[in-house]
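Each number in our numbering comes from the position in the sequence shown (counting from 1) with 6 added on.
Think of the CB as a built atom: it goes at the ideal place given N, C-alpha and C, for glycine as much as any other residue.
The structure appears below as structure tokens.
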Amino acid sequence: MSFPDRPIAHLLGSNGPVHAVSYSASPGTYILTGSADRNIRLYNPASHNQPQRYGSAINSSKTPGTTKPAVPEARLIQTYTAHGYEVLDLSVSSDNERFASVGGDRAAFLWDVATAKTIRRFGGNAHGHTARVNCVSFAGDGDSLVISGGFDTSVRVWDAKSNSAKPIQVLDEAKDAITALAVRDAEVTAGSVDGRVRSYDVRMGRCVTDVIGASVTSLKLTRDGKAMLVGSLDSKIRLMDRESGTCLKTYADDGWRNEELRVQAVLGSKEKYVIAGDELTAGTGPSGLNGDGKIWAWDLLTGKLVATVRVPCPEGFEPKKRMLGKDGKEKERSNVISCMAWRADGWGDQFCVGGTSGIATVFGSL
Numbered sequence: 007m008s009f010p011d012r013p014i015a016h017l018l019g020s021n022g023p024v025h026a027v028s029y030s031a032s033p034g035t036y037i038l039t040g041s042a043d044r045n046i047r048l049y050n051p052a053s054h055n056q057p058q059r060y061g062s063a064i065n066s067s068k069t070p071g072t073t074k075p076a077v078p079e080a081r082l083i084q085t086y087t088a089h090g091y092e093v094l095d096l097s098v099s100s101d102n103e104r105f106a107s108v109g110g111d112r113a114a115f116l117w118d119v120a121t122a123k124t125i126r127r128f129g130g131n132a133h134g135h136t137a138r139v140n141c142v143s144f145a146g147d148g149d150s151l152v153i154s155g156g157f158d159t160s161v162r163v164w165d166a167k168s169n170s171a172k173p174i175q176v177l178d179e180a181k182d183a184i185t186a187l188a189v190r191d192a193e194v195t196a197g198s199v200d201g202r203v204r205s206y207d208v209r210m211g212r213c214v215t216d217v218i219g220a221s222v223t224s225l226k227l228t229r230d231g232k233a234m235l236v237g238s239l240d241s242k243i244r245l246m247d248r249e250s251g252t253c254l255k256t257y258a259d260d261g262w263r264n265e266e267l268r269v270q271a272v273l274g275s276k277e278k279y280v281i282a283g284d285e286l287t288a289g290t291g292p293s294g295l296n297g298d299g300k301i302w303a304w305d306l307l308t309g310k311l312v313a314t315v316r317v318p319c320p321e322g323f324e325p326k327k328r329m330l331g332k333d334g335k336e337k338e339r340s341n342v343i344s345c346m347a348w349r350a351d352g353w354g355d356q357f358c359v360g361g362t363s364g365i366a367t368v369f370g371s372l
């Protein structure tokens, strides 16, 4: 099967860069986006509003310059408003009844999907994060725990079933900001700007550290939990063996750069592909995209680049040209593709990307 490079829906409505995208739990019917405009939006990409009057052009390794028909607008179902600052990450519970969000508020928000109300707020007090919260994930039986990682270098574990204002555990071994989290059973894995990935066994009280060298921007575990995909600010994505700590494969290209911004990488098509965004746009490097965003796809096993996919801004939309840098400050950029998610945790038939344009785009099949 070739890489799914056909755009099938645009997710519109954000008044700022989209910093987070997340599918609902399997089968992944819905998509949540988190934006710099402080709002979270729920979409159904299969239910379309009136098609837009613009087209979309895709460049792949096989069909450069192919012009595609107009991409329809996905239906906006709900908007969730409670954040006072930008939304930076999202996590959906396995029963699809709740989701968690984090951002500049120094707290993790727990939401009821149906009522669009917050159930709990973890932090925002003397026991919470002392700076921006970058990442969040559910954990535990029945998603009874919420894990958050922040700019304050800590990972905090919150009990979603109790009324306690204190975290039940604080993991503070990192020397710089926590940028990414991955959870599997009793293990919490955290990536940091200090160039380390730390895997905590919270039951055994053990921590294993893998040294990447460059600041970590992205972290995903394989389905069997034996390997992890690590993106970092040396323009490399590494597949690491979790038991031995060895690098199994490196994904890179002369035209791809990730040296300053948080650009996520994920596994897709049943772990056949590694895909990532790109911070080189508007003629800032060899990609020469004139402001369009770009997705890169590598074969997981061979490390070979198999496709590059353009993500142009729809005609008539002005790109939002600001993006968070590694220092936590916004930078000027044109349509950086910085966040992405693959349906059904990489096992589905579509994926969604977002970035500084404020528009999320869905690729694949409905």
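Inset, instruction - Closer than 6 Å by C-beta to Arg138: which residues in its own chain qualify, once you throw out the five before and the five after it? Chain order, please. - result: Gly110 and Phe157
Legend entry - Three-state secondary structure assigned by DSSP to Ala106: strand
Legend entry - Asp207 versus Pro320 - alpha carbon distance: 45 Å
Inset, instruction - Give the secondary structure of Arg349 by DSSP, where H, G and I count as helix, E and B as strand, and everything else as coil. - result: helix
Inset, instruction - Determine which residues share a DSSP beta bridge with His16 and list them. - result: Glu79 and Thr367
Legend entry - Identified DSSP bridge partners for Gly274: Tyr279
Inset, instruction - Tell me whether the beta-carbon of Trp262 lies closer than 8 Å to the beta-carbon of Tyr279. - result: no
Inset, instruction - Provide the residue span of the beta strand (DSSP E) that contains Tyr49, from first to last. - result: Asn45 to His54
Inset, instruction - Report yes or no: do the region 357–368 and the region 25–36 share at least 3 C-beta pairs separated by less than 8 Å? - result: yes
Inset, instruction - Identify the continuous beta strand (DSSP E) that holds Met234 and give its terminal residues. - result: Ala233 to Ser238
Legend entry - As assigned by DSSP and simplified to three states, the class of Gly148: helix
Inset, instruction - Give the DSSP bridge partners of Lys172, in chain order. - result: Its beta-bridge partners do not exist; DSSP assigns none.
Legend entry - Three-state secondary structure (DSSP) of Asn140: strand
Legend entry - Buried or exposed by the 16-neighbour rule on C-beta atoms within 10 Å, applied to Thr362: With 16 or more other Cβ atoms within 10 Å, it is buried.
Inset, instruction - Sort out for me which residues DSSP pairs Arg209 with in a bridge. - result: DSSP, once it has assigned bridges, lists no residue as partnering Arg209.
Legend entry - Same chain only: Cβ atoms within 8 Å of Ser198, ignoring 5 sequence neighbours per side: Thr159, Ala180, Lys181, Asp182, Ala183, Ile184, Thr185, Arg204, Ser221 and Val222
Inset, instruction - For Ile218, name the three-state secondary structure that DSSP assigns. - result: coil
Legend entry - Alpha carbon of Ala80 to alpha carbon of Arg112, nearest angstrom: 31 Å
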